[in-house]
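In the working numbering, the protein residues as written are -6 to 329.
The C-beta atom is built at its ideal place from N, Cα and C for all residues, glycine as well.
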C-alpha cells in the first residue's frame, strides 16, 4: 500500500463534491485552483494557509480535498474572502517603486569633485549641505566606487579623541586593543605608500575641536586627504575663510570648501527623473516642494506615498496624488 499523503502536503483534491448546487460547486472549484496556486507561489503548507485564512485545519483539509461533510458554502466563502484580501494587498504593493540608492545631481557631482580633489592633493575639505541634499549617500557612493577611501560617521558619543579613534578603527577594520597605539595603527592604514587615500568624516559637527586637530595630524604625518561633512555648525567652526583664534592650524590646511543650503533646480529635476514621474502637473508640484527649505529629502517619501495612492485608484500618478501625499505627510499646502 502506498504511504498516506502527509496532512500538510498539497495535491489534487481527493474528490469533487458534485452533490453541491452548481453555484457552490463553481465557487469551490475556483477557490481550490486559486489556493493551490497561491500556496505554490509563496511556498506555504496547508497548516500555514489554514492559519492565515482563520479556518481550523481539521475543517480546512477536507474542504480542500472535497471530502467535507459540513456546509461547503460557508467555508468556501470564508476562504475566498481571504484569497481576495491577499490579492488586493498584493495588487497595491506590486507597483511600489524601488527607492533610488544614489541619484547623481549637480550638487552630488560637486561633492564628488571635492572628495576627489581632497584625495588627490591631499588636503582637508569641508562640505556643508542642507538637510536631505544627499551628502551621506554621495559619500557612500564615493567609497563604494573609489579605492583607498573610507567613510566614518560621528555621533555625540564619539566627540572626544579616543572615542573618535575607536570609531575610525572600526570603519577601517583595524583591531588594535592598545589605546596608546590606536592613532598610529590608523595612520598606518591611511598612509599613502604610493597610493592616494581619503578619510571622509560624516556628521563632523559632533567632534570636539581637539578631535578635529587629531584628523589634521593624520593629514600632516600620513599625507591622506581628510573631508569633514556636516551641518552649519561645522562650517561656522572650520569652513569660513576668516581666521578665528585657535583655529589657525586647521584653517591653513583647508584647501576646498563647499557650502550649499538650498538645492539647485537641477537637483530637484534629477530626483524627479530618478523616480520616473511623467505627469507634467505632478512634476511641477514636486518642483515646488523640492524648492522649500529642508524638503528635498522628503520628495522621495512623498513620491512613494503618491505612488501607493495612485495604485489604489488604479491610475497613473498625477498631481492630485502628489498633493494628497504631501498633505498626508504633514506638509503645508504646496503650490506650483
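Buried or exposed (CB count within 10 angstroms, at least 16 for buried), residue 273: With fewer than 16 other Cβ atoms within 10 Å, it is exposed.
Do you know offhand how far residue 136's Cα is from residue 7's? Here the C-alpha atom of residue 136 lies approximately 60 Å from the C-alpha atom of residue 7.
Between residue 261 and residue 296, is the Cβ-Cβ spacing less than 8 Å? Between residue 261 and residue 296, the CB-CB gap reaches or exceeds 8 Å.
To the nearest angstrom, report how far apart residue 165 and residue 182 are at their CA atoms. Cα-Cα distance, rounded: 8 Å.
Inter-residue Cα distance where the pair is residue 79 and residue 288: Roughly 35 Å between the two C-alpha positions.
With distances taken Cα to Cα, identify the nearest neighbour of residue 40 among 52, 127 and 34. Closest by alpha carbon: 52.
Compare the Cα-Cα distances from residue 283 to each of 65, 142, 125 and 129 and report the closest residue. Closest option to residue 283, judged by alpha-carbon separation, among 65, 142, 125 and 129: 125.
Mapping the DSSP letters down to three states, classify residue 288 as helix, strand or coil. The answer is coil: DSSP assigns residue 288 none of H, G, I, E or B.
Three CB pairs or more closer than 8 Å across the segment 140 to 157 and the segment 251 to 268: Output reads no: the segment 251 to 268 does not touch the segment 140 to 157.
In three-state terms, what does DSSP make of residue 35? It is helical.
So, is the C-beta of residue 56 closer than 8 Å to a C-beta in chain D? Of the protein chains in this structure there is only one, and it is not chain D.
Does the distance from the C-beta atom of residue 68 to that of residue 56 stay below 8 Å? A Cβ-Cβ contact shorter than 8 Å links residue 68 with residue 56.
As an exercise, report each continuous alpha helix (DSSP H) stretch of at least 4 residues that is fully enclosed by the segment 65 to 120, in chain order. Every alpha helix (DSSP H) stretch that sits fully inside the segment 65 to 120 and reaches 4 residues is listed by chain position as 65 to 86 and 99 to 113.
Simplified DSSP state of residue 378, which is helix, strand or coil: Past the boundaries of the shown model lies residue 378; the chain is included only from -6 to 329, so the question cannot be answered.
Can you list, in chain order, the residues of its chain with a C-beta nearer than 8 Å to that of residue 111? Leave out the 5 residues immediately preceding and following it. By the criterion of a C-beta distance shorter than 8 Å, residue 111 is surrounded in its chain by 117, 118, 191, 218, 219, 220, 248 and 249, once the five residues flanking it on both sides are discounted.
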